[in-house]
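Participant:
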Amino acid sequence: MTCLRKGGAAPSCVAVDAMLGWLARWLRILGVDARYGEQSDEELAETPCLLVTRDRELFKRRRGPAVLLLTDDHVAWISALMRALGVESFKKTRCPKCNAELEEIPCAEAEKRAGHPIRSDRCWACPNCGSVYWEGSHWRGIREVVEKAAKTPVDCAEAD
Ligand SMILES: [Zn+2]
1 MTCLRKGGAA PSCVAVDAML GWLARWLRIL GVDARYGEQS DEELAETPCL LVTRDRELFK
61 RRRGPAVLLL TDDHVAWISA LMRALGVESF KKTRCPKCNA ELEEIPCAEA EKRAGHPIRS
121 DRCWACPNCG SVYWEGSHWR GIREVVEKAA KTPVDCAEAD
């Protein structure tokens with residue numbers, strides 16, 4: 001079993017519990033508004049977003065939409081959330097560090113900001129924290145994981 005879910009259709013944003021920072025960064029790369037590290041368990045139980053947790057107690061307490069992750073398979077986590085949110089691939093992406101929507105910039109500009117040459121056709125900058133990203137070998141690794149996740153079957157049951 002990959003996960004349990006409850007509370008009906010998923011809203012467009014996600015709030016993950018303190019154990020799931022890794023997943024939050026991945027969801028942001030997929031363009032999902034993923035909130036992390038801002039909220040206590042009490043606040044998480046009341047979030048207007050889809051709550052994603054590994055904590056059974058928190059899942060039980062939650063009245064709104066929630067997903068309880070049961071597996072340790074990280075690719076299955078991504079797969080479960082892609083399905084819950086109707087995300088098929090990544091188009092517009094968010095800053096993995098701070099969750100702001102990235103803006104595409106000319107790679108010459110990205111090189112200037114990064115302070116070293118960048119071999120890439122596409123570059124982005126975060127308007128919030130100033131981080132610069134480009135389609136390098138790391139990016140291709142991300143794409144492979146997302147493609148693998150899209151093909152990974154998910155067994156997510158409705159909780160009572
Ligand atoms: Zn940022």
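Residue numbers (the UniProt record's numbering): 1 to 160.
For each residue, glycine too, the CB sits at the ideal point set by N, CA and C.
#1: Using only alpha-carbon positions, find the residue among Ala84, Glu103 and Asp72 that is nearest to cysteine 129.
#2: If I follow the unbroken beta strand (DSSP E) through glutamate 38, where does it start and stop?
#3: Please report the residue range of the alpha helix (DSSP H) in which lysine 112 lies.
#4: Roughly how many whole angstroms lie between the Cα atoms of leucine 27 and arginine 63?
#5: When we look at the beta-carbon of methionine 1 and count the other beta-carbons within 10 Å, is it buried (16 or more) or exposed?
#6: Counting along the chain, where does the alpha helix (DSSP H) carrying valine 146 start and finish?
#7: Would isoleucine 105 and alanine 84 be called neighbours here (beta carbons separated by less than 8 Å)?
#8: Quick one: using the 10 Å Cβ neighbour count with 16 as the cut-off for buried, is aspartate 17 buried or exposed?
#9: How many Å lie between glutamate 109 and cysteine 3 at the Cα?
#10: Does the Cβ of serine 89 lie closer than 7 Å to at least one heavy atom of ligand 1?
#11: Hey, is cysteine 123 close to ligand 1, as in C-beta under 7 Å from one of its heavy atoms?
#12: For the alpha helix (DSSP H) that contains lysine 60, what are its first and last residues?
Facilitator: Once the coordinates are examined:
#1: Glu103
#2: It is not in any beta strand (DSSP E) - glutamate 38 carries neither H nor E in the DSSP assignment.
#3: 107-114
#4: 23 Å
#5: exposed
#6: 137-151
#7: No, these two residues do not count as a Cβ contact at 8 Å.
#8: buried
#9: 43 Å
#10: No, the beta carbon of serine 89 sits no closer than 7 Å to any heavy atom of ligand 1.
#11: no
#12: 56-61
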